[in-house]
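Residue numbers (the working numbering), protein chains in the order written: chain E, 1 to 346; chain F, 1 to 346; chain L, 1 to 346; chain U, 1 to 346.
There are 4 protein chains.
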Amino acid sequence: MSKPIAVVDPFPRTMDEIFSESDLARLHDIASIVWARDDAMPENEFALALQEAEVVITGRWGRNEALTDASQLRAIIDVTGAFPLDLDYEQCAARSIRVLSVAPAFGRQVAEMGLGLALAAARGITVGDRRFREGTEEYLHAGNTDTFMLYGQPVGMIGYGGLAMALQPLLTPFGVRIRAYDPWLGDGYLRHCGVEPAGLEEVLETSRVIFVMAAPSRENVAMLSRERLSKIQPGAVLVLLSRAHVVDFDAMTDLAAAGRFKVATDVFPTEPLAADHPIRDVDDAVLSAHLAGSVREGLWEIGEMVCDDLEAIVRGLPPLRLQNAEPELARRYASNRPPPLDDPDH
Amino acid sequence: MSKPIAVVDPFPRTMDEIFSESDLARLHDIASIVWARDDAMPENEFALALQEAEVVITGRWGRNEALTDASQLRAIIDVTGAFPLDLDYEQCAARSIRVLSVAPAFGRQVAEMGLGLALAAARGITVGDRRFREGTEEYLHAGNTDTFMLYGQPVGMIGYGGLAMALQPLLTPFGVRIRAYDPWLGDGYLRHCGVEPAGLEEVLETSRVIFVMAAPSRENVAMLSRERLSKIQPGAVLVLLSRAHVVDFDAMTDLAAAGRFKVATDVFPTEPLAADHPIRDVDDAVLSAHLAGSVREGLWEIGEMVCDDLEAIVRGLPPLRLQNAEPELARRYASNRPPPLDDPDH
Amino acid sequence: MSKPIAVVDPFPRTMDEIFSESDLARLHDIASIVWARDDAMPENEFALALQEAEVVITGRWGRNEALTDASQLRAIIDVTGAFPLDLDYEQCAARSIRVLSVAPAFGRQVAEMGLGLALAAARGITVGDRRFREGTEEYLHAGNTDTFMLYGQPVGMIGYGGLAMALQPLLTPFGVRIRAYDPWLGDGYLRHCGVEPAGLEEVLETSRVIFVMAAPSRENVAMLSRERLSKIQPGAVLVLLSRAHVVDFDAMTDLAAAGRFKVATDVFPTEPLAADHPIRDVDDAVLSAHLAGSVREGLWEIGEMVCDDLEAIVRGLPPLRLQNAEPELARRYASNRPPPLDDPDH
Amino acid sequence: MSKPIAVVDPFPRTMDEIFSESDLARLHDIASIVWARDDAMPENEFALALQEAEVVITGRWGRNEALTDASQLRAIIDVTGAFPLDLDYEQCAARSIRVLSVAPAFGRQVAEMGLGLALAAARGITVGDRRFREGTEEYLHAGNTDTFMLYGQPVGMIGYGGLAMALQPLLTPFGVRIRAYDPWLGDGYLRHCGVEPAGLEEVLETSRVIFVMAAPSRENVAMLSRERLSKIQPGAVLVLLSRAHVVDFDAMTDLAAAGRFKVATDVFPTEPLAADHPIRDVDDAVLSAHLAGSVREGLWEIGEMVCDDLEAIVRGLPPLRLQNAEPELARRYASNRPPPLDDPDH
């Protein structure tokens with residue numbers, strides 16, 4: 001029996017970036033692989049291959065016209081971390097073609113970075129280290145005038161998706177109480193997950209550490225407005241992990257510069273950030289150049305998950321490791337900028 | 001019935017520093033309190049008070065001659081974080097006078113900082129933040145050339161005391177495997193605690209992240225010699241939490257400067273550190289000015305534990321929150337520099 | 001704006017059985033509810049109501065012909081614990097009608113019972129209690145000749161679905177090592193869940209306690225054959241939780257009667273079991289009359305989950321608490337006896 | 001250098017019962033072992049050996065007169081599970097002779113049994129199994145008329161010592177809230193351990209499952225009087241694990257027989273219990289013949305802990321696995337019947 005055909009066209013990612021050596025071997029074991037090169041597959045070649053393919057593993061879509069002829073197709077796996085913007089989700093649903101995202105592969109590395117940034121801000125690690133370079137460090141109590149411990153603090157989560165679920169167990173041993181705001185999730189579900197459902201204002205007002213992990217959508221542009229940011233407790237820590245899109249970045253910079261609260265951010269309105277952007281001079285801020293989701297070994301989790309689910313699909317079983325595009329949300333995904341963490345131009 | 005007498009002379013700590021308002025009220029509730037001021041109690045006054053006292057809560061000892069007349073004395077509580085150097089432990093043991101240290105009050109805040117420093121080093125948080133200030137930050141993969149995730153890494157602990165036990169639950173959700181070296185503890189005990197007993201060399205050679213938490217003693221001066229430090233894996237992270245005493249600091253600085261491994265340290269051979277010390281220029285190092293054990297709210301755990309155990313002693317029950325001086329180790333404590341974290345001159 | 005319509009026809013379950021008072025109020029709050037009675041809804045009335053309904057909550061299906069006219073239908077929720085056998089899954093998939101099962105509501109209560117049965121067998125609780133009634137109890141060591149502790153034992157799971165995932169955290173504090181056999185799941189997924197993938201024989205041969213939790217299917221009739229059961233370790237404990245269907249019950253009875261291993265079972269080939277069935281006389285066996293999934297308060301989790309997901313569907317969001325029928329498995333569900341635990345005739 | 005001498009006289013326990021083969025070898029490795037036989041060591045021989053011994057490992061004491069001449073003695077290890085009644089604790093304290101108990105070796109096996117008994121009572125496992133033998137079993141809902149799930153229940157602990165600390169992690173995954181009553185422990189300590197301090201009445205009135213784990217003392221004879229037992233919630237479960245001494249057993253039997261609450265007990269006022277004791281006929285009760293602390297492999301934890309701490313003592317380090325006799329409590333131990341779990345005549 002011949003193996004099922006899988007087209008692997010990860011551009012703008014590269015093969016090495018997402019597949020470890022052993023997973024690459026496994027990939028070829030599971031299916032008959034087409035392309036599997038770092039440069040983008042030419043469109044006509046792609047369209048041709050699609051006619052026989054059972055699975056497409058891709059870094060960009062843009063080929064709805066080819067969908068109709070893809071009669072064997074059972075799954076489209078997007079390796080960027082987002083769902084394709086321009087996909088014909090209705091057709092996929094009607095034909096039971098799975099649309100899958102590798103977003104879960106970023107959960108652990110981004111969550112780990114989120115905790116690291118929170119501790120760096122709360123305990124003054126980055127600012128303390130800079131003082132040492134300047135020769136102005138202060139020891140013991142003198143260096144601890146505005147620090148606090150994470151233990152037992154009220155914590156807020158804005159957006160409770162895969163990233164939040166990866167972060168939650170890292171926070172558990174600190175005995176924190178977590179309030180979560182997510183308009184796409186019901187209260188019962190949030191309670192079942194061990195967090196308290198809360199309104200956005202409540203999260204901002206009651207938390208000592210706030211993690212912003214909401215995927216960007218048309219509705220949430222600058223959702224964290226100047227007015228809302230003003231509700232944050234004095235001296236609290238705001239950790240921005242998903243996208244600058246969801247926050248009024250200028251307001252956030254102003255308030256951080258004024259010492260109202262501390263900011264730790266991994267994302268910026270433009271990347272690279274303008275050389276004269278005032279946040280570069282905010283002493284208390286912790287600045288990270290979109291580093292949370294790009295650790296080398298972490299990216300290999302993409303390949304591991306892709307292989308696990310490719311194997312499941314080939315065996316006629318449901319994929320369980322990647323994220324399924326929910327039909328209810330597909331239109332929302334599609335009509336907006338893609339969800340966070342790792343769109344290629346970013 | 002009159003309340004038992006407790007002398008409270010916390011100098012060089014202050015009352016406010018260690019007692020929250022509510023614990024201060026509780027203190028006065030439990031016992032009849034003598035002194036309780038920030039300045040040091042005059043020796044003659046102290047000697048007199050000791051004759052009636054059941055408990056002494058103190059920041060420095062140095063009064064063995066007064067011990068004989070302290071006929072009611074049942075416990076000496078040292079609030080520095082160390083055990084008194086010059087105490088007559090034999091007399092205390094023979095008379096069943098408890099000698100107690102507040103060291104456990106530092107466990108959580110130092111452990112939290114230890115994790116923060118490890119993540120800062122492994123994920124490049126401090127160096128990344130400094131790049132931003134210089135305008136040379138690199139985004140995404142380009143900024144992640146030598147970072148790694150803590151998840152699943154082999155971790156080493158040098159010294160497995162109260163601090164290690166506070167750190168261990170914070171590491172658990174990362175799924176790490178922990179090897180511990182502690183010459184004062186048996187293999188069976190370490191296994192019972194959920195870590196693998198290992199030799200010092202094995203810990204250095206096999207770990208991706210190493211936490212140094214050994215209390216200083218006469219035997220362990222520069223125990224982490226140049227030769228031993230050379231066994232550390234390329235690119236590993238060494239987190240120094242207890243005392244510079246246990247490491248050849250010059251060798252550590254050389255090796256870190258040469259890029260052999262990454263160092264994150266909260267302690268230094270002299271504090272303040274010399275302005276021209278070369279570790280100030282090691283780009284990869286994470287430098288923290290003995291900040292791990294002095295968070296304001298964290299210090300109030302001292303007062304909470306002191307009140308809890310004072311109450312137990314007054315009720316004729318064993319104290320359970322502070323650390324007991326073990327008779328077997330008392331001589332070792334006494335003949336050496338005090339254990340880590342918070343001796344007053346430090 | 002009028003509320004969406006939901007038909008609630010839980011027969012053979014009753015309204016009270018699955019909805020607590022507060023969830024019943026919530027149900028009426030979320031949607032305009034049709035029927036909601038304990039007796040079965042007449043077919044013609046049902047067919048009529050279906051034309052307007054957005055959601056159907058039902059205890060039996062059997063109405064495919066009505067599906068075509070159900071133009072508003074977005075979800076079918078089966079409250080028995082199984083997926084409907086005779087549903088036209090292809091049509092549902094093509095029209096993006098969710099098919100949902102309340103199976104997850106049974107996870108906790110069945111898992112708890114599974115642990116209770118395992119401890120009863122391993123520690124001799126039921127047999128010890130019976131001895132007391134006969135006046136033949138033996139104390140201390142004499143009563144512990146063939147008991148063992150669960151701590152640190154190798155544990156096997158046959159079937160790793162929702163039930164296994166509910167059981168796993170209950171086993172974690174015992175420090176057990178879990179091997180799982182499940183032909184519908186990939187090795188990578190199982191490892192990701194914290195268990196070791198293993199073949200059926202390996203599970204049987206290496207485990208001291210074996211939990212059978214496999215859903216019945218055409219392929220797994222008597223999968224635990226006499227030959228396979230013979231591979232179980234002497235003195236091990238076999239806990240049968242899903243269905244008698246998956247085991248050669250006569251062989252299991254013989255082996256248990258011969259003292260080869262201990263059996264604890266909640267399910268039987270016929271219920272009630274024949275009065276003269278030999279397992280009734282097996283001294284070591286723990287016998288439970290299908291009690292694992294019918295605790296009164298536990299059944300209210302059905303109503304809670306139904307309300308949570310009804311609310312999500314009405315708001316245009318994906319349901320997250322109930323189990324989705326996976327398109328890949330729908331045919332397998334449909335062509336077989338329903339999955340375990342709670343089909344109505346059982 | 002000659003090895004230190006340890007006298008090992010475990011009677012009424014036997015060598016095999018407490019030492020696994022490998023720990024027996026280890027024992028001989030650590031020290032020069034005297035006696036190490038199952039029969040009781042003759043007193044004169046014992047007195048002679050004591051003069052040279054550094055450690056005594058014993059199943060009965062009764063030799064205070066010999067203590068004065070035991071000039072090398074550093075530790076007395078009692079292997080019964082209790083502390084010796086008649087020991088001269090003052091002399092031991094003054095001479096820094098450790099008095100150690102193997103009680104912690106029983107924690108896990110008794111805790112496991114405690115959970116098993118609680119589940120058996122709450123879920124009706126023993127009564128359900130007996131019905132099967134009589135041919136009167138009732139299936140599904142009919143068999144679940146008075147059962148309840150442990151998940152989320154308020155749980156009470158009477159006595160919060162080593163046994164409670166072993167039980168607590170087993171209860172954690174059930175999401176229970178624990179109230180603990182222990183007059184020997186402070187509120188701060190209990191809170192630090194993750195339980196809520198509470199009065200005895202509050203524990204009885206608010207808990208759905210109550211674990212009695214208090215060590216017997218002169219003060220707590222029949223502490224659970226008829227009046228107090230009457231405060232227990234209807235249908236709650238009372239698990240008696242430590243000693244019948246602490247409860248009015250007749251009152252408990254009456255109330256259980258009247259169906260006021262369910263009892264699961266591992267201990268009885270006399271053992272064997274009188275053949276006509278009415279508790280034998282209480283249908284709902286779970287009766288266990290002092291089986292909780294005598295599992296064969298479990299008893300080897302005694303030998304493991306003894307070896308671990310013997311090794312520590314020989315190396316001049318504090319023993320960390322066995323329980324130290326606290327000077328404050330020694331008189332209380334000594335003036336009463338020994339603490340629970342495993343005195344030899346029991």
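Glycine included, each C-beta is placed from N, C-alpha and C at the ideal position.
Nothing here was measured: the structure is a model prediction, and the numbers come from that model.
Query: Can you have a look at E:Q109 and say buried or exposed, based on whether 16 or more other CB atoms are within 10 angstroms of its CB?; Result: buried
Query: What are the residues in the region 276-293 of chain U lying within 7 Å of chain L by C-beta distance?; Result: R280, V286, L287, S288, A289, H290 and L291
Query: From this set, F:L87, F:S230 and F:T68, which residue's C-alpha is nearest F:E201's C-alpha?; Result: F:S230
Query: Who pairs with L:Q323 in a beta bridge, going by DSSP?; Result: L:S101
Query: Once the 5 residues before and after L:S71 are set aside, which same chain residues still bring their CB inside 8 Å of it?; Result: Q51
Query: So if I threshold CB-CB distances at 7 Å, which residues from the region 87-113 of chain F count as touching chain U?; Result: A93, A94 and S96
Query: How would you call L:H245, buried or exposed, if buried means at least 16 neighbouring beta carbons within 10 angstroms?; Result: buried
Query: Short check: CB of F:L115 to CB of E:L240, under 8 Å?; Result: no
Query: Short of 6 Å in beta carbon distance, which residues of its chain neighbour F:A312, apart from the five on each side in sequence? Order them along the chain.; Result: P319
Query: According to a CB-to-CB cut-off of less than 9 Å, which residues of the region 147-161 of chain F neighbour chain U?; Result: none
Query: Using only alpha-carbon positions, find the residue among L:V55, L:I158 and L:A6 that is nearest to L:V203.; Result: L:I158
Query: Using DSSP bridges, identify the partner residues of E:G156.; Result: E:R179 and E:I210
Query: Should L:H28 go down as buried or exposed, given a rule of 16 or more other Cβ atoms within 10 Å for buried?; Result: exposed
Query: State yes or no: is the beta carbon of L:L119 nearer than 8 Å to at least one beta carbon in chain E?; Result: no
Query: Contact check, E:A66 vs E:A47 under 8 Å by CB: the rounded distance?; Result: 4 Å
Query: Distance check for E:S101 and F:P173, CA to CA, integer angstroms please.; Result: 25 Å
Query: So with CB distances below 9 Å, who are the chain U contacts of L:R133?; Result: R130, R280, D281 and L287
Query: Under 8 Å between the Cβ atoms of L:V306 and L:P4?; Result: no
Query: Just tell me which of L:A122, L:V56 and L:E297 has its CA closest to the CA of L:S207.; Result: L:A122
Query: Going along the region 160-189 of chain F in order, which residues come within less than 8 Å of chain E, judged by CB to CB distance?; Result: P169, L170, T172, P173 and F174
Query: What number of angstroms, rounded off, separates the C-alpha of F:D248 from the C-alpha of F:L255?; Result: 11 Å
Query: Just to confirm before moving on: does the CB-CB distance between E:V55 and E:V34 stay below 8 Å?; Result: no
Query: In chain A, which residues lie less than 7 Å from U:L24 when you measure between Cβ atoms?; Result: No chain A is part of this structure, whose protein chains are labelled E, F, L and U.
Query: Report the rounded CA-to-CA distance for E:A40 versus E:R60, giving the unit in angstroms.; Result: 9 Å
Query: Return the Cβ separation of E:F261 and E:A236 in integer angstroms, given the expectation that the two are a contact with Cβ distance under 8 Å.; Result: 5 Å
Query: Does DSSP put U:P42 in a helix, in a strand, or in coil?; Result: coil
Query: Determine the direct distance from the alpha carbon of E:F106 to that of E:L299, and round the result to whole angstroms.; Result: 8 Å
Query: Would you kindly report the start and end of the unbroken beta strand (DSSP E) that includes U:A264?; Result: K262 to T265
Query: Apart from the five residues just before and just after F:A325, which ones in its own chain have a Cβ nearer than 6 Å to its Cβ?; Result: F83 and V99
Query: When DSSP labels each residue in this structure, what does L:W300 get in the three-state scheme?; Result: helix
Query: How should E:G162 be labelled, buried or exposed, when 16 other C-beta atoms within 10 angstroms of its C-beta is the threshold for buried?; Result: buried
Query: According to a CB-to-CB cut-off of less than 9 Å, which residues of the region 27-52 of chain L neighbour chain E?; Result: none
Query: Using the Cα positions of F:R37 and F:G152, report the straight-line distance between them to the nearest angstrom.; Result: 49 Å
Query: Is the CB-CB distance between F:S225 and F:A251 below 8 Å?; Result: yes
Query: My output table needs one value for U:A75: the three-state DSSP class, helix, strand or coil.; Result: strand
Query: Check whether the Cβ of L:T126 lies closer than 8 Å to any Cβ atom in chain U.; Result: yes
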